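Student: Chains as they are written, first to last, in the numbering used here: chain A, 1 to 720; chain B, 1001 to 1720.
Note that beta-carbon positions come from the ideal geometry of N, C-alpha and C, so glycine has one too.
In this text, all values refer to a predicted model and were calculated from it rather than measured experimentally.
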């Protein structure tokens, strides 16, 4: 333990910046304004345009082109012009331009969607080419890449239409338990964000068909009806009967649908990484068994659905987690890249469609986060990765033959880059703890060409406390854990301050990065202003540190994570200005689970906790995420018991407030309500509050109420 | 306001008794032991026996006779003897003798029921005469008064059986929404406590048939199933479609059922005061309209169900509330007594079955609480009443001809008496604030014959604080309101103490009587020991003070009640040892409604409140009780709005904890959950807790947890 502290003292980097100003944040500032008045200047909806330029949207109204050669912004089109054209054709005006939902079909044809209406506008002719109005309850809208067809769903079926108002129903399921084309398949694990897949040339539409008729209902109670009513959602709890998913392949020309003939494992398998071959002849599916420890990358014939071959397989004693589709080389229907964590880190592998591994493109103790494209000659790929620091994101070019890698974004921090279509220009936007936001155009070698934005610090006039990032050694003596600490403004190191630990701790998320405010929520600075030391640490299990950093949690969620949180606590206790008698913890979701777990496992340390939407027992969580980390209750009874807060309610000593969205379809309310039963039965106590209309998170105006409630709880019980 | 205080000073009666001892109650003592170790010595299951004696049950094991002539107890039978006889016939033993469920068929034949088995035992022959085992799910078991037949229900139908194991199904409803013979009709308003009515000679069985197929479902969520599940209960909310109830009349001989042909008002009428004529020829029904302001006392022919005539009608602009059956004179099928509040107080009226009013038997500004019987010559009736004090209950004999009334229980306090069958002896059990419990046998003139019990004070060794009863004038300048105050043990009148007001406030209940501990719960003394002044006042609207005292609440529940509570608060504020900055309030059900109402209406007065199972908006309450006091939301929109806590959530300033049984079928959880929505929306705050398995009240071991929670809330926020 001492060892890690001495290490800390060496590795401590004070990234603090002190401001001469002294404004104080209000709670509303902290909760509602982080992404509004306190958001540094930035671009919305940046995209590549033409071969080497970009477009973005200004104030929801004007689509601006950024000319890479000059760095200048040139107006392309405004909502006024669009509305003039709409008015001429008698169509309704649009109130704003949706920067999150537009694309360029050609340099001239601007496609965008508002609610359930799809527009195609010619910026040269200043004419609306087509307006397709879908029914109000249309969802999952996917434009065909080559034609004016739109695929969409109404309730549980898929429809097709175009501007000529032709409407065609592709699936005909009457039972609402059979859901076609929805993006909500496998509960959106495995990187799934859509349920329909147009083939590259637009001749086929592949789609998920989810049969959940056999999945148990979870009843959510709606109290806003005159008499309370129930909405049943399908919720497969760990170990229970799960959904069965198949992949349909619809051919536009014939109007016929075939299904991929997947026979591996049981019918509760997962169909992941859905990818069309560029020639449309094949569909690839990463077929994963329900146990999630055996992946087969399979090839199916699109015209028949017939299985062709298994290209390769991946296994791991804990779990395999495919999250990305195949990436075909331009102008090739045989060579592709595939993401895999098989060597311990997420890297790119070059395969051909016969299943031959041609090379491992990237390698090292860091992870590839995203793939940005190939250069024109297919010699180079562009990626983002954590190669230079696990708390930074940079962009790199990788030579396909040599695997040589070169960083393109020179500045320290977290970068978000858009590459021009010809890959000659990079529009990089980045921040770090010292830099609110900068946008710069680089050439393809990372040489800066034009400075676009150098945002002012919107908190310049506020006295927001000191921000420190650092690392601690985990109790294995080798793993670095990153932490973030915010100390009260003008704090007196001779005094002792209460500590508020903000925790998430679960997989797929990283709290601490070297970005503006280090990714902290403004509320943390608000709490620092109230006199708390606000601390977070990314424990083992969290994201972007590789497979083995994450999968230590397997079959024992929370256990290792708590050890690492305690490493943070022990560090805090070593600081002279920390009041070790007043340590509180707050988190939501997995962080709610962590909060409650810390209170019952370390009752002598944690005086107060606020757990939002917490998993209380993994038996109440769903199959897809839950079984990956915990296996089933039957397979892992000790693990379920050990991690259950129901069985540990007697250990609760501190003050624990549990908050839950009463409509939560992710962590169902049974968790927190059963915990109340458990504390009653154990003779201990917790506090409780419901957000009757909230789902897994509390948004909008209610969020101020929520954070006021959380704040008040610490003020009531930790501050005093 | 000053006027009422000077009145108070005159009327203050210090009933306090100080003890030399100094033990302190634990919370468990206070919550679990009031009716166990702290219950004064008393008789269980006292009943008349033979012509002039009584029986009671000792320690669940021995049936004792009390001989009126000598006052001596003589053992009649024990569970050992009963079990010996059961063992001989190969039947299962009983674990205890049910003092709450036994009766004498003759002097020798003892009938009793354990769970769903009905026993008939001959105490002379020491033989079990019959054992009728009903199915485990049998309910509503009613023995025929003249034969060995039992009527009972299984699910929604009625069955008949006898010891020969003949089983006959009387009703054949398949739809579970049609419920026969259940005691849960009209939600047990109107004094309804059974759903089947044997005729006096045992030849007919009248029964309620409740059709609630058209009543809306309220979904109660059960979290103890592997995945949460819903139990729908039928819950007719104010203004919504209500149940339709009819009365079936089954004849044993013919096996046929007719239905009383009730045609008055709409089909949502109430059938109250169900009574057989002694000759079995007629059934009387108090038919009340849904509006509850018009009662018709109707006579129906039992053989055909035909309507014969309306004996009389009662109307009131607010409401009429029949709660008792007709009481026929012995050996008469024509003359009966009927309870009515028509002159403003509950009194007895002598009618004949042609509807002629022969006399008003009792009269005055007090209420008859119960009818105990006639003397052998039909010259006298015995009643209990509040004639001598609204906070006492005494027994009286009333001369039928002259209406002369004579008190039979001389001691001040609350009496519970049993009369011998021949009305020659009265076994009176009574208490007052000075007297834990006494039992005495009087003769029919109220002359004491034998002293039986003079219980010791079980709290003698405890320092439980001082108890004071008194009256205050309501702000109408004339109405007396009774209060109870418990001050901390050995309190220092020069110091200032926080106040905890315990409130109910609704109709049908009276908190303060001159009985042992003045009906206070031991928890109130526990809180006094913690340093609180604990105060209650029976506001207008509460029980035993007459019709107009109660019905001021009509169409405005809570409003007048709060005025009277504030009369109590103003009195408290006049006391030098009251800390006027620390006043809290706690109540359950109507008292929960009152608690929340007081916090939002008098935010400057009430710093802390704990509201249990509260009505939050009367629109969420049921038809039967709700519409009596509030009319429907359509008829009384202003009243509903004025009393709704949803519309007043913005006025909440103090700390309010709301606690609710998640299975509450009386005040459904929608009330408190919607209140959370309201406070979120109003930007105010409350605290919340659910008892996941509790219904409208929290019983058993969980009750200690509950009261610990309530206590802690006041300790956290009021004490500090």
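#1: Using a Cβ-Cβ cut-off of 8 Å (strictly less than) and excluding sequence neighbours within five positions of residue 1266 of chain B, which residues of its own chain qualify?
#2: Below 8 Å between beta carbons is the criterion; list the residues of the stretch 665–676 of chain A that meet it against any residue of chain B, in chain order.
#3: Quick check on DSSP: helix, strand or coil for residue 556 of chain A?
#4: With DSSP as the reference, label residue 569 of chain A as helix, strand or coil.
#5: Using only CA atoms, which one of B:1310, B:1428, B:1287, B:1075 lies nearest to residue 1320 of chain B?
#6: Are the C-beta of residue 278 of chain A and some C-beta of chain B separated by less than 8 Å?
#7: With the cut-off set at 8 Å, would you say residue 300 of chain A and residue 186 of chain A are in Cβ contact?
#8: From residue 120 of chain A to residue 56 of chain A, what distance separates their C-alpha atoms?
#9: Is there a C-beta anywhere in chain B that falls below 8 Å from the one on residue 163 of chain A?
#10: Measuring CB to CB, does residue 298 of chain A end up less than 8 Å from residue 285 of chain A?
#11: In the DSSP assignment, what residue or residues form a beta bridge with residue 1612 of chain B?
#12: What does the Cβ neighbour count give for residue 36 of chain A, buried or exposed, with the cut at 16 atoms within 10 Å?
#13: Got a sec, what are the start and stop residues for the beta strand (DSSP E) residue 1400 of chain B sits in?
#14: Mapping DSSP to helix, strand and coil, what is residue 17 of chain A?
#15: So, does the CB of residue 634 of chain A fall closer than 8 Å to a CB anywhere in chain B?
#16: Distance check for residue 568 of chain A and residue 590 of chain A, CA to CA, integer angstroms please.
#17: Which residues in chain B sit within 8 Å of residue 229 of chain A, going by Cβ to Cβ distance?
#18: In chain A, which residues lie with their C-beta within 7 Å of the C-beta of residue 1690 of chain B?
#19: Assign residue 418 of chain A to buried or exposed, taking buried as 16 or more other Cβ atoms, counted over all protein chains shown, within 10 Å of its Cβ.
#20: Roughly how many whole angstroms lie between the Cα atoms of residue 1081 of chain B and residue 1088 of chain B?
#21: Out of A:124, A:148, A:214, state which residue places its alpha-carbon closest to the alpha-carbon of residue 132 of chain A.
#22: Can you tell which of A:628, A:296, A:711, A:523 has its C-alpha closest to the C-alpha of residue 32 of chain A?
#23: With DSSP collapsed to three states, give me the class of residue 628 of chain A.
#24: Taking all protein chains shown into account, decide if residue 536 of chain A is buried (16 or more other Cβ within 10 angstroms of its Cβ) or exposed.
#25: What do you get for residue 225 of chain A, buried or exposed, if any count of 16 or more other CB atoms within 10 angstroms of its CB means buried?
#26: For the stretch 1626–1644 of chain B and the stretch 1658–1673 of chain B, state whether three or more C-beta atom pairs, one from each stretch, are separated by less than 8 Å.
#27: State yes or no: is the C-beta of residue 154 of chain A within less than 8 Å of the C-beta of residue 137 of chain A?
#28: Restricting to Cα atoms, I'd like to know which of B:1258, B:1255, B:1244 is closest to residue 1268 of chain B.
#29: Cutting at 7 Å between CB atoms, please list the residues of its own chain near residue 253 of chain A, excluding the five before and the five after it.
#30: Between which two residues does the alpha helix (DSSP H) holding residue 1711 of chain B run?
#31: Okay, do the stretch 1573–1587 of chain B and the stretch 1615–1634 of chain B touch, 3+ Cβ pairs below 8 Å being the bar?
#32: Within the stretch 1462–1516 of chain B, note down every full beta strand (DSSP E) run reaching 3 residues or more, in order along the chain.
#33: One question on the structure: do residue 408 of chain A and residue 426 of chain A come within less than 8 Å of each other, judged by their Cβ atoms?
#34: Quick check: the stretch 672–681 of chain A against the stretch 645–659 of chain A, are there 3 or more CB pairs under 8 Å?
#35: Kindly confirm or deny that the stretch 509–526 of chain A and the stretch 385–401 of chain A touch, where touching means at least three C-beta pairs closer than 8 Å.
#36: Under the three-state reduction of DSSP, which class applies to residue 183 of chain A: helix, strand or coil?
Tutor: Judging by the given coordinates:
#1: Within the second chain, numbered from 1, the residue matching residue 1266 of chain B stands at position 266. Contacts found: 1289, 1290.
#2: 668, 669, 670, 673, 674, 676
#3: If you number the first chain from 1, residue 556 of chain A lands on position 556. Residue state, collapsed to three classes: coil.
#4: As a first step, residue 569 of chain A is located in the first chain; it is residue number 569 there, counting from the start. In this structure, residue 569 of chain A counts as helix in the three-state DSSP scheme.
#5: Translated into positions along the second chain, residue 1320 of chain B becomes position 320. For the residues B:1310, B:1428, B:1287, B:1075, the minimum Cα distance to residue 1320 of chain B belongs to B:1287.
#6: By one-based count along the first chain, residue 278 of chain A stands at place 278. For residue 278 of chain A, the answer is no, since every Cβ of chain B falls outside 8 Å of its Cβ.
#7: By one-based count along the first chain, residue 300 of chain A stands at place 300. By one-based count along the first chain, residue 186 of chain A stands at place 186. Cβ distance not < 8 Å, so residue 300 of chain A and residue 186 of chain A don't count as in contact.
#8: The count along the first chain starts at 1 and reaches residue 120 of chain A at position 120. The count along the first chain starts at 1 and reaches residue 56 of chain A at position 56. Distance between the alpha carbons of residue 120 of chain A and residue 56 of chain A is about 17 Å.
#9: The sequence position of residue 163 of chain A within the first chain is 163, counting from 1. No - not a single Cβ of chain B is within 8 Å of the one on residue 163 of chain A.
#10: The residue you call residue 298 of chain A lines up with position 298 of the first chain. The residue you call residue 285 of chain A lines up with position 285 of the first chain. Cβ atoms of residue 298 of chain A and residue 285 of chain A: closer than 8 Å.
#11: Indexing the second chain from 1 puts residue 1612 of chain B at position 612. DSSP output for residue 1612 of chain B lists B:1588, B:1659 as bridge partner(s).
#12: Mapped onto the first chain, residue 36 of chain A falls at position 36. Exposed: under 16 other Cβ atoms inside 10 Å.
#13: The residue you call residue 1400 of chain B lines up with position 400 of the second chain. First-last for residue 1400 of chain B: undefined, no H or E at that position.
#14: Translated into the one-based positions of the first chain, residue 17 of chain A becomes position 17. The predicted position of residue 17 of chain A is uncertain, since its pLDDT is 46 and thus under 50; a value taken from the coordinates is nonetheless stated next. It is coil, neither helix nor strand.
#15: Against the first chain, residue 634 of chain A aligns to sequence position 634. Output row for residue 634 of chain A: interface = no.
#16: As a position in the first chain, residue 590 of chain A is number 590, starting the count at 1. As a position in the first chain, residue 568 of chain A is number 568, starting the count at 1. Between residue 590 of chain A and residue 568 of chain A, the C-alpha separation is close to 18 Å.
#17: Here residue 229 of chain A is taken as the residue at index 229 of the first chain, counted from 1. Within chain B, the residues near residue 229 of chain A are 1219.
#18: Residue 1690 of chain B sits at position 690 when you count from the first residue of the second chain. Neighbours of residue 1690 of chain B on chain A, chain order: 673, 676, 688.
#19: Taking the first residue of the first chain as 1, we reach residue 418 of chain A at position 418. With 16 or more other Cβ atoms from the protein chains shown falling within 10 Å of its own Cβ, residue 418 of chain A counts as buried.
#20: Counting from 1 along the second chain, the entry for residue 1081 of chain B is found at position 81. Counting from 1 along the second chain, the entry for residue 1088 of chain B is found at position 88. Straight-line Cα distance between these residues: approximately 11 Å.
#21: The count along the first chain starts at 1 and reaches residue 132 of chain A at position 132. Among A:124, A:148, A:214, the Cα nearest to that of residue 132 of chain A belongs to A:148.
#22: For this step, residue 32 of chain A is matched to residue 32 along the first chain. Closest option to residue 32 of chain A, Cα to Cα, is A:523.
#23: As a first step, residue 628 of chain A is located in the first chain; it is residue number 628 there, counting from the start. It is helical.
#24: Locating residue 536 of chain A in the first chain gives position 536, counting from the first residue. Buried, since its Cβ has 16 or more Cβ neighbours within 10 Å.
#25: Your numbering for residue 225 of chain A matches position 225 in the first chain. Label assigned to residue 225 of chain A: exposed.
#26: no
#27: As a first step, residue 154 of chain A must be located in the first chain, where it is residue number 154. As a first step, residue 137 of chain A must be located in the first chain, where it is residue number 137. With respect to residue 137 of chain A, residue 154 of chain A sits close: the two C-beta atoms are nearer than 8 Å.
#28: In the second chain, counting from the first residue as 1, residue 1268 of chain B sits at position 268. Minimum Cα distance to residue 1268 of chain B is reached at B:1244.
#29: Looking up residue 253 of chain A in the first chain gives position 253. Closer than 7 Å at Cβ, skipping near neighbours: 203.
#30: The sequence position of residue 1711 of chain B within the second chain is 711, counting from 1. Counting along the chain, the alpha helix (DSSP H) containing residue 1711 of chain B begins and ends at 1701–1714.
#31: no
#32: 1466–1473, 1480–1487, 1497–1503
#33: Numbered from its first residue, the first chain carries residue 408 of chain A at position 408. Numbered from its first residue, the first chain carries residue 426 of chain A at position 426. Yes, they are a contact pair.
#34: yes
#35: Verdict: yes, contact present.
#36: As a working note, residue 183 of chain A is residue 183 in the first chain. The answer is coil: DSSP assigns residue 183 of chain A none of H, G, I, E or B.
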